[in-house]
Amino acid sequence: MAAIASDHGHGHGHDEALHHQFENMEQQNDSYIVGMWTFLVTEVMFFGALFLIYTLYRSMYQMDWYLAHEALNVQMGMVNTFVLLFSSFTVAMAVRYAQLQKKWGVLSMLAITQVCAGAFMVVKYFEYQEKFGHHLYPGPGFGSHPEYLHGATPNFAQLYFGLYFGMTGLHGLHVLVGMIVIGYLMAKWWRNSPMVTKDYIPTELVGLYWHFVDLVWIFLFPLMYLMPKP
Amino acid sequence: MSAIPADPNVTAVSATPRTETNYLNADWSIKSWLLTGDHKRIAILYLVSVSFFFFLGSIAAGLIRYELTAPAGFILESETYNKVFSAHGIIMVFLFLIVAIPAILGNFLLPLMIGARDMAFPRLNLLSWYLFMIGGACIMGGMINGGVDSGWTFYVPYSSMYANSNVTMVLTGIFIAGFSSITTGINFIVTTHKMRAPGMTWFRLPLMVWALYATGVVIILGTPVVAVTLLCIIFERVFHLPIFSAELGGDPVLFQHLFWFYSHPAVYIMILPAFGVQSELIANFARKRVFGYHLIAFSSLAIAGLGFLVWGHHMFISSESMYQGVVFSLISFLVAIPSAIKVFNWTATLYKGNIRLQTPMIYALGFIGLFTIGGLTGLFLGCLGTDVHLTNTYFIVAHFHYVMVGGAVTAFLGGLHYWWPKMTGRLYPESIAKWNAVLVFIGFNLTFFPQFIVGFMGMPRRYHYYYFAPEFQPYHIMSTLGSSVLALSFIIPGLYLTRSLSKGAKASANPWGAHGLEWETSSPPPTSNFDQIPVVLDEVYDFDPVTEHEQDKAAQALEVPSYLSNEAKSAESEKEKR
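Here the protein sequences come in this chain order: W and B. Heads up: the first sequence begins at 226 in the numbering used here, then just goes up one per residue. Heads up: the second sequence begins at 428 in the numbering used here, then just goes up one per residue.
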């Protein structure tokens, strides 16, 4: 970054964290914020299409989906929900510490977030493993142990588990990406990079993304795990 | 402005390789191109790659036309024909039309027009080109390695269950190219919001910027939806996740809803930037402020908004309920209003303008006619009753080619000629370019007008023979003939534009005498666009009618347009030098 800034002598200040195309930090930060929110709009549309599919199929096959959803482990989903909610809190704290420019505060909060994200993935792994063990993964062997279907029509239950694996899988992928991004941010803080230490906005951007990932789960959990009896 | 003076001493200097640095000669290494963050260089990278994909898509088009010359077909088997028209559609839609004007002209012009040094996110911009190339490579890989035969629409269950071709690989390519589109859209939106020079208020923005902004909005709202929809097909084919499987109770029509939720607005991704180019050309060659500036700006946004509410008109015969059909038909009629506002305003701009019939203007005038035909025939198809007769015939093929080729490609060529001196610092040969613009118009109409007639008579689209109705043959022969003319008229600019890179006369900063910030920096612009960030004090398109009229009279008296005389002289002096 510093290299780019020195490549172009514009005489518009020599802030290390300022990219050459911007006039000042305020413009740069505003652009980052608008850019991140625009990106989150695309993410909302991305998951929005899947929620639309979910809504349509659930309204078509209410009873079968209710029966099929009983195969899910509500305790595990609940644990994951609280793990993610707590990680949202720690990310918010990390942003606060970034505003106060407290390096170790930021790093410790992000480290806890990473632990939470890792815990989420581990729980998810055991959940997936259980479903595979019960032959609840869609495909040729689906429902070969009908006792796990709880009486749901196999075809409609297959649609349910298709969406379950598709949506939670994509969400899990977002968690993984979040872990990589948070790791990158931590490395930047560790090395006192001016990109993150000069201003809290980059930390805030990562925080926004993480809150979005949490938010998707906040919708996924009740929709997938907590269906009322129709 | 910075036109080269006719003083012999100075001319001698200017004929030697130029010493000033600009974005093109700042660094010659390949690395400096492949790792550039400069929006102008990224635009050139896009220009080269998109031209290549356009060439491939055109070959597929040529094969389709050649095959249809005879009622029973004579070079392609049915299966190959399916792969060829799928290749034509996929390449032209995803690798040419969606990218051409936004990523080439838009990338190049947006920061210049608003007085910024670069896009808000230059590295994201470069990433977008790489994603585009990776996506393009996947698509081409799938096509070379056996092809794909599901058409560019990938309707399920054919694409998810029955197609044995490389659907997965091509869809992966489209998915990746979609993210290239999204990153470009985000860049447009943030740049327009946050990078405008001091004094560049929203209503001083050139209409091209308004159009690109509206395009950005459509991209970020639509593209993620089609991305996840196509991902669902990949899920179904690779991971057996049954999202649209009808045999399990899934809904294949839901796929069509989600697909057209993007793919209808996608035609606005293709045509909105073309509207922007068109507004620039009309204003600068009629030498007049665009009539109804605000209405054109808002109509771009209106199209972006209404465009998301009309997708159902692609599904009138796909088991959509009658009431849905009525509503979608009504809203489709509404979306014609902002388009008509634009056409009427451009026409009104011409009234009492000092029209200069140069190449870009010929394309622009052609655009008005062709787009009007394309738009009005769209109403036939948005109307429930007529659509039942016309859907899936060549009528619809002709309709969207009038909009996409007659509209978007014509505007792209016009814009490319108009900004060519700014992009390359060279002038293209005006007379041949003019004749070529006329040739595009003739070739285009000869290709696609007969398709309206043969489609109305009942020729179905996507059929590779019509031995059941040999009376269609004359129309198909006319169409094939026209496509040959059209192909020629695309090859000629490729040749003379390439030649002008080395042989063309050097362009001054503002060879057209046009108004706009991009003409106030040198041609080609320096890497940082402006030596100093401009402060905008003038209104946009601030042509003074009286001055324009006097200039026009003076130019007619001299028989050499005054704004060209410097260019002509410098070109002559260069010829003498050789």
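Yeah, the Cβ is synthetic: ideal placement off N, Cα and C, and Gly gets one too.
Of the candidates W:E352, W:G403 and W:K454, the residue whose Cα lies closest to the Cα of V299 of chain W is W:E352. Taking all protein chains in view, the Cβ of F559 of chain B is crowded by 16 or more other Cβ atoms within 10 Å, so the residue is classified as buried. DSSP, read as helix, strand or coil, puts T628 of chain B in coil. In the structure shown, the three-state DSSP call for T820 of chain B is strand. Linking D255 of chain W to K621 of chain B through their CA atoms gives a straight-line distance of about 7 angstroms. Close to F548 of chain B, with beta-carbon spacing below 7 angstroms, are these residues of chain W in chain order: G260. Between the segment 432–445 of chain W and the segment 905–916 of chain B there are fewer than three inter-stretch CB-CB distances shorter than 8 angstroms, so the stretches are not counted as touching. A distance below 8 angstroms separates the beta carbons of L675 of chain B and Q383 of chain W. About 5 angstroms separates the CB atoms of K510 of chain B and D576 of chain B; that is less than 8 angstroms, so the two are in contact. One thing to note: F581 of chain B has its Cβ no nearer than 8 angstroms to the Cβ of L668 of chain B.
In this structure, the CA atom of F390 of chain W is about 49 angstroms from the CA atom of V770 of chain B. By the Cβ-count criterion, K458 of chain B is exposed, with fewer than 16 other Cβ atoms from all chains shown falling within 10 Å of its own Cβ. Not a single C-beta of chain W is nearer than 8 angstroms to the C-beta of H691 of chain B. One finds F666 and L668 in chain B with Cβ atoms closer than 8 angstroms to the Cβ of F390 of chain W, taken in chain order. Comparing C-alpha distances from G605 of chain B to each of B:S906, B:I517 and B:V665 shows the shortest one belongs to B:I517.
Per the coordinates, the alpha-carbon of I869 of chain B lies some 49 angstroms from the alpha-carbon of L281 of chain W. Scanning its chain for C-beta atoms nearer than 7 angstroms, with the 5 sequence neighbours on each side dropped, one finds around I670 of chain B the residues C659, F662, E663 and G677, in chain order.
Pairing F970 of chain B with K715 of chain B gives a Cβ-Cβ distance under 8 angstroms. Interface flag for H721 of chain B against chain W is unset, since no Cβ pair is found closer than 8 angstroms. Between the segment 957–970 of chain B and the segment 882–892 of chain B, the count of Cβ pairs shorter than 8 angstroms is below three; the stretches do not touch. Distance from the CA atom of Q959 of chain B to the CA atom of R544 of chain B, rounded to whole angstroms, is 9 angstroms. T580 of chain B: not part of any alpha helix (DSSP H); DSSP gives it neither H nor E.
Within the DSSP secondary-structure output, K933 of chain B pairs in a beta bridge with B:R853. S726 of chain B and V694 of chain B have their alpha carbons spaced roughly 15 angstroms apart. For G676 of chain B, the closest Cβ of chain W is nearer than 8 angstroms. Looking at the DSSP output, P887 of chain B sits in a beta bridge with B:T820. Non-local C-beta neighbours of V704 of chain B in its own chain, meaning closer than 6 angstroms and more than five positions away in sequence, comprise A838 and G842, ordered along the chain. Note that the C-beta distance between F444 of chain W and F276 of chain W is below 8 angstroms. G563 of chain B is positioned such that its CB atom lies no closer than 8 angstroms to that of S513 of chain B.
In this model, L503 of chain B and V815 of chain B are separated by some 30 angstroms (Cα to Cα).
With fewer than 16 other beta carbons inside 10 angstroms of its own, V347 of chain W counts as exposed.
Annotation: Y589 of chain B is outside any alpha helix (DSSP H) and is labelled neither H nor E by DSSP. Residues of chain W with a Cβ closer than 7 angstroms to the Cβ of F521 of chain B do not exist; the shortest Cβ-Cβ separation is about 17 angstroms.
Counting along the chain, no alpha helix (DSSP H) covers A713 of chain B, and no H or E run does either. Residue state for D678 of chain B is assigned as coil, using DSSP reduced to three classes.
Excluding sequence positions up to five before and after M420 of chain W, its CB lies within less than 7 angstroms of the CB of M226, A242, K413 and P427, all in the same chain and listed in chain order.
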